[in-house]
Amino acid sequence: KNEVEQSPQNLTAQEGEFITINCSYSVGISALHWLQQHPGGGIVSLFMLSSGKKKHGRLIATINIQEKHSSLHITASHPRDSAVYICAALYSGGGADGLTFGKGTHLIIQP
Amino acid sequence: EAQVTQNPRYLITVTGKKLTVTCSQNMNHEYMSWYRQDPGLGLRQIYYSMNVEVTDKGDVPEGYKVSRKEKRNFPLILESPSPNQTSLYFCASSSPSGSRGYTFGSGTRLTVV
């Protein structure tokens, strides 16, 4: 099965720092999702990308199709950004097999 | 409000006692799926459904059943739960190609003793 690799696994930073989380996938995809999971457990969809870059508030997601790589950036990080961030790839062939998930990046932002 | 509703949120049960986790969506999505999340393993797909009466196995289907009799509902059935099915479960729905993103339920934390 196609895989999704995320790094780092764990990240602790100080409030205000610029955060980057990386995601690599193995073969062609139709879309790449970034998800956020807070300590309470619920999963929220942040971005869906098939090319280029998207921005929402302090969050920026980019994807490089040629390099099979995506990044999630957080500018001016805040303790409320502490969560697990999950990259998930929707592989070409449609939704038949659903999403393949990375193992997540556990982010802690300290005040 | 567009949402996926899962119930219950928490469940403790004993080995072998049949249980059902319900999942309902109000977005008229064709595609629905179930995942389990375990420490160190991440999210893994259990079953998915492309539409009413169409279901198929994901990566870890053993010990689970599903049904899709109506478009909005996709229950997960554990006929004879075992302790290795202790996990956090998520239901999700999307449009057929996933092109409009996925909506996840709030999760069900299941403990089998």
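The listed protein sequences correspond, in order, to chains A and B.
Position 4, counted from 1, in the first sequence is what our numbering calls 191; the numbers after and before it change by one each time, with no gaps.
Position 85, counted from 1, in the second sequence is what our numbering calls 1349; the numbers after and before it change by one each time, with no gaps.
C-beta: ideal position from N, C-alpha, C; glycine also.
Below 8 Å on the Cβ atoms is my contact criterion, and I expect residue i with residue j to pass it. Report the Cβ-Cβ distance as a whole number of Å.
i: A/G289; j: A/E204; result: Not quite, the Cβ-Cβ distance comes to about 22 Å (not below 8 Å), so this is no contact.
i: B/Y1328; j: B/Y1312; result: Incorrect: roughly 12 Å between the Cβ atoms, too far for contact.
i: B/L1342; j: B/Q1301; result: Not a contact, Cβ separation roughly 16 Å.
i: A/L219; j: A/I250; result: 5 Å
Any beta carbon from chain B within less than 8 Å of residue i's own beta carbon?
i: A/L198; result: no
i: A/I296; result: no
i: A/L286; result: yes
i: A/I208; result: no
i: A/G229; result: yes
i: A/G203; result: no
Residue i CB to nearest chain A CB: under 8 Å?
i: B/Y1351; result: Correcting the residue type first, residue 1351 of chain B is Ser in the shown sequence and not Tyr. False, the Cβ-Cβ gap to chain A never drops below 8 Å.
i: B/T1319; result: no
i: B/G1322; result: yes
i: B/Y1366; result: yes
i: B/S1357; result: no
i: B/G1370; result: The sequence as given places Ser at residue 1370 of chain B; Gly does not occur at that position. Judged by the 8 Å Cβ criterion, B/S1370 is in contact with chain A.
i: B/F1354; result: yes
Can you list, in chain order, the residues of the segment 232 to 266 of chain A whose Cβ is nearer than 9 Å to any Cβ on chain B? So the close ones are S232, F234, M235, S237.
At least 3 beta-carbon pairs within less than 8 Å: the segment 1275 to 1294 of chain B vs the segment 217 to 234 of chain A: These segments do not touch.
Which parts of the segment 1288 to 1368 of chain B are runs of the beta strand (DSSP E), unbroken and 3 residues or longer, counting only runs that do not cross its ends? Contiguous beta strand (DSSP E) elements confined to the segment 1288 to 1368 of chain B occur at 1295 to 1302, 1306 to 1315, 1318 to 1321, 1340 to 1342, 1351 to 1358, 1366 to 1368, taking only those with 3 or more residues.
When you check each C-beta in the segment 1292 to 1312 of chain B against every C-beta of chain A, which residues fall closer than 9 Å? For the segment 1292 to 1312 of chain B, which is checked against every Cβ of chain A, the residues closer than 9 Å are E1294, Y1295, S1297, Y1299, Q1301, G1304, L1305, G1306, L1307, R1308, Q1309, Y1312.
So if I threshold CB-CB distances at 8 Å, which residues from the segment 209 to 220 of chain A count as touching chain B? The residues in question are S217, A218, H220.
Cβ pair count under 8 Å reaching 3, the segment 1334 to 1343 of chain B against the segment 260 to 270 of chain A: Taking 8 Å as the limit for Cβ pairs, the verdict is that the segment 260 to 270 of chain A does not touch the segment 1334 to 1343 of chain B.
Could you say if the segment 206 to 218 of chain A and the segment 1270 to 1281 of chain B meet the contact criterion of at least three C-beta pairs nearer than 8 Å? In short, these stretches do not touch, since the Cβ pair count stays below three.
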